[in-house]
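Heads up: the sequence shown is residues 1 to 441, going by UniProt numbering.
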Amino acid sequence: MELVEIIGLEANHAEKLKKEGINNVEDLIPLSSYDIKKLAKKTGISAKLIDTWQEHADLMRIENVTPEYANVLNLSGVNSVKQLARRSPKSLLDRIVKFNEEQPDLLSKVPTLKQVKDWISKAKADGNGGGDPTKTPKTPKKKTSTKGSKVRVWEQDPTVSIPALSYIHTSILDGPKDDDINIIGLKIAESDKNNDFLYDNVKNPEKFDAVHTFSVIRQVLTMYNRAILKQNENYSGFQWVWGKVPIKVYPYAAYGANAYYSRDEQALKFFYFNPNDDETKPLVYTCRSFDIVAHETGHAFLDALCPEFLISWHPETGGLHEAFGDLTSIFVLLSQLDMCDEIIAESKADLHNKTFFPVIGEEFGEAIFGKPTGLRNADNDLKMSDVSTEVHEISQVFTGAVYDILAYMFDNHLDLDRYDPAETLFRIGYHVALLIINALY
């Protein structure tokens, strides 16, 4: 079906879309929110408009739903086949009739109740809204599992935890590297005969650091990819803001008390330093901090979802970026059941008790500021009136608010007689992460 058949999609719009590979109505359907944002940026057409056209395209998959009918269904609040399946035929027809009375040119012919019932019946047959409503659904293929790789990582800072065994289910090449991540500047870490990367942090610290840094980044990407896939079955997979080229990761970037994400360099850089530049004190490697690696990866992921945030001059937007980094550290910790167990044990199932959990960057904060409580603490009661316009200060307000929501939901769902508290924390953590991603994606 031609693009211009969609109500409101003019010939000039169609030309711009075709230049980006959208040649017909069907090409609009699988676009994710991320794809739509990128398409809007390339074509100059508003994302909201493209999103509306996609909604029309989805509804037009239903047999006998013409462009006119798709438009009036959309105006009636039906944005997808999935939503159409949940509507009452009589109520929906009443809304269509009302719209047609208010705008007589909207429809050349008002549909009958039988037609509306038929649309809804076909929408229900479509199941989840992602198939072809005119065809019998296929039995899903059984998914084969991958062997994956065992790795060793710091699950917090070296000052807080010892290296722990972790599992990466995706394919890892020597380096380590994969389609999204490339470790740069260190000796190549090779897998053993079982495709595992089990380096000792004392005997082989450089290769251990390479594997640890890679693994934390991969855990963050996996966590957020799963969250997006849960809300969008047509999600085509993650890409960095610059495209499919892997991000360059420098665990030993240079000397200095710093770590950052750079869009221009397409890189994550982690530095190392002596506390107070005192060479008698051992070097602190920022790549060894689970929190810091997860935080910087959070910046990179958010930049891919919302590129406009990074170039905003508003301090609140910068604060949101920093908060997303800190929350990423929290969410990825909660995506690991063994860490949930440890958090429960340390806090005695009270997330407002003082533990390592809400503290961000313990070793870094101790080395730079002499703070035993790290760089920042998510469990805070700060308000906007309590902080300056510095982005890291503002971030604490956002982070503290989300942490309070997390703690409240956990406490509200805690049922020690029926459920293991670590399992409850794991589920609540994932749910709150979904809420944040849903707000951004």
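Cβ atoms here follow ideal geometry from the backbone N, Cα and C, with glycine treated the same way.
Note to self: I'd like to know if the region 244-256 and the region 268-286 are in contact, where contact means that at least 3 CB-CB pairs between them fall below 8 Å.
What the structure shows: yes
Margin query: Please report the straight-line C-alpha distance between PRO67 and PHE214, rounded to a whole angstrom.
Written below: In a straight line, the C-alpha of PRO67 is about 48 Å away from that of PHE214.
Notebook entry, point to check: Since ALA349 is in the alpha helix (DSSP H), which residue starts that stretch and which ends it?
Noted result: Counting along the chain, ALA349 falls outside any alpha helix (DSSP H), and DSSP gives it neither H nor E.
Note to self: Threshold first: 3 residues or longer. Then list the beta strand (DSSP E) segments lying entirely within the region 256-335, N to C.
What the structure shows: As far as the region 256-335 is concerned, its whole beta strand (DSSP E) runs of at least 3 residues are 259-262 and 267-270.
Next item on the list: Might you give, ordered along the chain, the residues of its own chain that have their beta carbon closer than 6 Å to the beta carbon of GLY71, omitting 5 neighbours on each side?
Entry: It should be noted that the sequence gives Asn, not Gly, for residue 71. Excluding residues within five positions, the ones whose Cβ falls inside 6 Å are ILE7.
Notebook entry, point to check: Which one of GLU101, LEU73 and GLN103 has the shortest CA to CA distance from PRO89?
Noted result: LEU73
Checklist line | Best match in GLY400, PRO111 and ASP27 for proximity to PHE324 [C-alpha to C-alpha] | finding: GLY400
Checklist line | Best match in LEU337, GLN336 and PHE357 for proximity to GLU346 [C-alpha to C-alpha] | finding: PHE357
Item checked: Beta-carbon contacts of ILE45 that lie in its chain and below 7 Å, excluding the five residues immediately before and after -> HIS13 and LYS16
Item checked: Selection from LEU333, GLU316, SER395 and GLY243 that minimises the alpha carbon distance to residue 442 -> One cannot answer for residue 442 here, as it falls past the ends of the chain, which runs 1 to 441.
Notebook entry, point to check: Buried or exposed: which applies to GLY319, given that a residue is buried once 16 or more other Cβ atoms fall within 10 Å of its Cβ?
Noted result: buried
Check: Given LYS141, which residues of its chain have a CB within under 8 Å of its CB, disregarding the five upstream and five downstream residues?
Finding: The pLDDT assigned to LYS141 is 47, lower than 50, so where the model puts this residue is not dependable; a value taken from the coordinates is nonetheless given after this. Nothing listed; no residue qualifies.
Check: Going along the chain, which residues of its own chain have a beta-carbon closer than 8 Å to the beta-carbon of GLU26, five neighbours each way excluded?
Finding: Result list for GLU26: MET1 and ALA57, in chain order.
Margin query: Is the separation between the beta-carbon of ASN234 and that of PRO30 shorter than 8 Å?
Written below: yes
Item checked: Residue range of the beta strand (DSSP E) that includes TRP154 -> 149-154
Notebook entry, point to check: Nearest to VAL110 by alpha carbon, out of SER395, SER121, HIS295 and LEU92?
Noted result: LEU92
Next item on the list: Report all residues from its chain with a CB closer than 8 Å to the CB of VAL391; omit the five preceding and five following residues, and keep chain order.
Entry: PRO315, GLY318, GLY319, HIS321 and GLU322
Check: Can you tell me whether PRO176 is buried or exposed, with buried defined as 16 or more other CB within 10 angstroms of its CB?
Finding: buried
Note to self: Using only the alpha-carbon positions, how far apart do TYR408 and HIS299 sit?
What the structure shows: Approximately 26 Å between the Cα atoms of the pair.
Notebook entry, point to check: When DSSP builds the beta bridges, which residues end up paired with PRO163?
Noted result: TRP154
Note to self: Tell me the rounded alpha-carbon separation between VAL151 and ALA47.
What the structure shows: 41 Å
Notebook entry, point to check: Which same chain residues, not among the five before or five after TYR69, have their C-beta less than 7 Å away from its C-beta?
Noted result: Hits under 7 Å: PRO111.
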